[in-house]
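Participant: Residue 61 is where the sequence shown starts when you use our numbering, and the numbers rise one by one after that. By construction, the Cβ of each residue, glycine as well, lies at the ideal position given by its N, Cα and C atoms.
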Amino acid sequence: LNIRAFTDKQKRETYEGQKGKCKKCKKHFEIEEMEADHIKPWHEGGKTVPENCQMLCKQDNRTKSGK
Numbered sequence: 061l062n063i064r065a066f067t068d069k070q071k072r073e074t075y076e077g078q079k080g081k082c083k084k085c086k087k088h089f090e091i092e093e094m095e096a097d098h099i100k101p102w103h104e105g106g107k108t109v110p111e112n113c114q115m116l117c118k119q120d121n122r123t124k125s126g127k
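(1) Given G106, which residues of its chain have a CB within under 6 Å of its CB, disregarding the five upstream and five downstream residues?
(2) Does the CB of W102 have a neighbour CB from chain B at under 9 Å?
(3) Measure the alpha-carbon distance for E92 versus L116 and round it to whole angstroms.
(4) With Q78 as the anchor, note down where its alpha helix (DSSP H) starts and where it stops.
(5) Can you tell me the Cα-Cα spacing of K71 and Q114, whole angstroms?
(6) For D37, which residues does DSSP report across the bridge?
(7) Within 10 angstroms of its Cβ, does A96 collect 16 or more other Cβ (buried), or is it exposed?
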């Protein structure tokens, strides 16, 4: 079990809560085109809990983690 990874259930619930829209670019994506992201980064003590999960499109998630 990877405690850094959100479960499929957490991803689905977050995706539905965001109505399929990327939190960053606000465009709509299918769930398969998105990735779960820690709002407060893991390395800063952010927990892998639903309240700290946001779904980003792959491009925005990669851009974010590259900074």
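Facilitator: Per the coordinate set shown:
(1) Numbered from 1 along the sequence shown, position 46 holds the residue referred to as residue 106. These residues qualify, in order along the chain: H98, K100 and N112.
(2) Although the question refers to chain B, the structure presented lacks it and comprises just one protein chain.
(3) As a working mapping, residue 92 is identified with position 32 in the sequence shown. As a working mapping, residue 116 is identified with position 56 in the sequence shown. If you take the alpha carbons of E92 and L116, they lie about 11 Å apart.
(4) Walking along the sequence shown from the start, residue 78 turns up at place 18. Looking at the DSSP string, Q78 is not in any alpha helix (DSSP H), and its letter there is neither H nor E.
(5) The count along the sequence shown starts at 1 and reaches residue 71 at position 11. The count along the sequence shown starts at 1 and reaches residue 114 at position 54. Cα to Cα, K71 sits roughly 8 Å from Q114.
(6) Beyond the ends of the chain as shown, which are 61 and 127, falls residue 37; an answer cannot be given.
(7) Position 36 of the sequence shown, counting from 1, holds the residue named residue 96. With 16 or more other Cβ atoms within 10 Å, it is buried.
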